Each structure stands twice: as C-alpha cells, then as structure tokens.
Amino acid sequence: MKIAVVGKGGVGKTTVSGTVARSLARVGDDVLALDADANPMDAGFRPS
Numbered sequence: 749m750k751i752a753v754v755g756k757g758g759v760g761k762t763t764v765s766g767t768v769a770r771s772l773a774r775v776g777d778d779v780l781a782l783d784a785d786a787n788p789m790d791a792g793f794r795p796s
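In the numbering used here, the protein residues as written are 749 to 796.
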C-alpha cells in the first residue's frame with residue numbers, strides 16, 4: 749500500500765500522516781514515513 753498526503757500548509761497533514769503510520773505499525777504493517785518538504789519542520793523521529 750502506498751499513501752501520499754498533500755495539500756495546503758497548516759491543515760494537519762503531519763498529524764494525519766503520523767497517526768496513520770502509527771496505526772498501521774501497531775497492527776503489524778511495515779511502515780516507512782518520509783517528509784519531502786523543502787522546508788521541513790522538526791517533528792522528531794520516534795521509531796516504533
């Protein structure tokens with residue numbers, strides 16, 4: 749499964765993406781989350 753989240757800034761893409769990634773990881777799926785923003789925000793890295 750491949751999921752891309754795009755849209756205007758400030759609408760919660762990071763929150764939604766992180767929640768989906770954590771939910772999939774919790775049920776046993778392998779997850780790779782990438783932030784390809786040219787001006788990335790330091791959201792931190794927390795391996796599951």
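Note that the Cβ used here is the ideal one computed from N, Cα and C, for glycine as well.
Because the structure is a prediction, the values reported are computed rather than measured.
Any idea what DSSP makes of residue i, helix, strand or coil?
i: Ala786; result: coil
i: Val775; result: coil
i: Val754; result: coil
i: Val759; result: coil
i: Ala781; result: coil
Within this structure, are the beta carbons of residue i and residue j separated by less than 7 Å?
i: Leu772; j: Val764; result: no
i: Val753; j: Lys761; result: yes
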